[in-house]
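Start counting at 1 in the sequence shown, then tack on 2, and there's your number in our numbering. In this text, a Cβ means the ideal position worked out from N, Cα and C, and glycines have one as well. These numbers come from a predicted model, not from an experiment. Encoded as structure tokens, the structure appears first; notes follow it.
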Amino acid sequence: MEKVELSIVIPIYNEEENLPILYEKLKNVLEKLGKNYEIIFVNDGSTDRSWEIIKEFSLKDPHVVGVNFRKNFGQTAAMSAGFETAKGEIIITMDGDLQNDPEDIPRLLELIDEGYDIVSGWRKDRKDAFISRTLPSRIANWLISKVTGVHLHDYGCSLKAYRSEVAKNLDFYGEMHRFLPALSKAIGAKVTEIPVKHHPRIYGKSKYGISRTFKVLLDLILVKFLLDYRTKPLRILGGSGAVLLLLGAAVLLYLVGIKLFLGQDIGNRPLLIFGTLFFLSGIQLISTGIVAELITRTYYESQGKRPYLIREIIRNQKLETVNRGLVEEKVN
Ligand code: UDP
Ligand code: MG
């Protein structure tokens with residue numbers, strides 16, 4: 003069987019009007035590239051004719067792969083299923099609503115060829131409602147950039163290209179797909195961005211509103227944790243726990259001293275409450291940290307993951323490119 007060079011992954015949730023136009027545009031661009039490609043449509047529980055349309059495409063075109071979810075699991079889940087299905091060396095994700103432009107694909111690929119592992123689109127001239135979408139997303143982008151230390155202008159843009167060994171080693175949950183470039187820092191990926199076109203949505207409705215911003219903020223906390231402490235949760239939890247514990251112990255000792263040596267009443271002193279709270283929270287945090295350490299071990303061991311990634315090894319004077327530490331390596 004011929005090797006697949008390029009996989010396009012597109013989550014689809016009620017995009018029946020957009021699908022035929024998108025398919026035509028994609029075909030146009032992809033045929034010109036001269037690469038062996040596949041287009042993976044992941045139908046995320048659409049209630050319109052989207053899946054029928056995808057089935058029709060795949061019956062007449064062997065390049066089309068259709069994945070049909072049993073219900074609506076969300077865009078991130080759909081992307082995850084797409085990544086798992088993808089056979090290509092390079093994976094490109096995009097929206098199925100024609101807001102991303104397939105014409106940008108060749109430029110993403112050029113940057114991958116230059117050696118980047120992830121190329122992220124930047125909707126420099128974004129065509130979405132300002133107050134409900136563009137403004138919150140600007141603020142979120144600024145915050146994500148500060149917190150994660152991976153500096154992009156537009157994390158939310160779906161149009162991205164990934165080297166597949168990187169894509170397949172990212173974990174995603176919740177609204178996590180926008181954090182993939184940031185999470186990829188944990189495995190040492192080279193990330194860059196380029197401005198891409200963005201079109202207003204013409205057919206169908208956007209599936210999100212402003213509430214997404216809050217979910218994104220919660221995810222950001224998790225991402226920060228995953229990036230900096232995933233292999234050593236005890237450092238942050240136990241560290242802050244130890245500080246509280248010591249502080250609490252000092253306060254309580256001080257109060258005991260007052261009681262024993264000065265004979266004063268301590269029952270009505272606010273400091274007693276603080277001391278007790280600090281002491282107990284300290285114990286709580288340290289135990290949580292220890293539990294988290296155990297869970298971390300289960301996480302790596304159960305999935306055959308390792309807390310490192312090797313790019314190359316030189317042995318017998320020969321350079322081998324390996325991806326040791328990656329999930330796929332388990333089969334060898
Ligand atoms: N989508 C999906 N499942 C969902 C919501 C959205 O697969 O639960 C798809 C949707 O069909 C589109 C892409 O994800 O292809 C982006 O969705 P949308 O255009 O609504 O998001 P926006 O561009 O408004 O951020
Ligand atoms: Mg859209």
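At least one heavy atom of ligand 1 falls within 8 Å of the beta-carbon of Q77. Annotated as proximal: L145 and L222, with beta-carbon spacing under 9 Å. Cβ-Cβ distances below 7 Å link P235 to G291, A294, E295 and T298 in the same chain, with the five nearest sequence neighbours on each side left out; the list follows chain order.
Proximity to Y118 across L287, D127 and G190 peaks at G190, based on C-alpha coordinates. Looking at the DSSP output, P13 sits in a beta bridge with V44. Around the beta carbon of K162, a 10 Å sphere encloses 16 or more other beta carbons of the protein chains shown; the residue is thus reported as buried. Listed by position along the chain, the residues with Cβ atoms less than 7 Å from a non-hydrogen atom of ligand 2 are D97, D99, Q101, R203 and S208. If you check the CB distance, N38 and N70 do not come in under 9 Å. Between the C-alpha atoms of A169 and S160 there is a straight-line separation of about 14 Å.
Exclusion of G90 from the 8 Å shell around ligand 1 follows from its C-beta lying no nearer than that to any non-hydrogen atom of the ligand. If you compare the alpha carbons of I93, G76 and G211 with that of I41, the shortest gap goes to I93. In the pairwise beta carbon analysis, the stretch 49–59 is classified as not touching the stretch 81–95: fewer than three pairs are separated by under 8 Å.
Using a cutoff of 8 Å, the CB of R135 counts as near ligand 1, since one of the ligand's heavy atoms is closer than that.
It is roughly 16 Å from the alpha-carbon of S208 to the alpha-carbon of L24.
The C-alpha of P13 is placed about 22 Å away from the C-alpha of N143. DSSP places T49 outside any beta strand (DSSP E), giving it a letter other than H or E.
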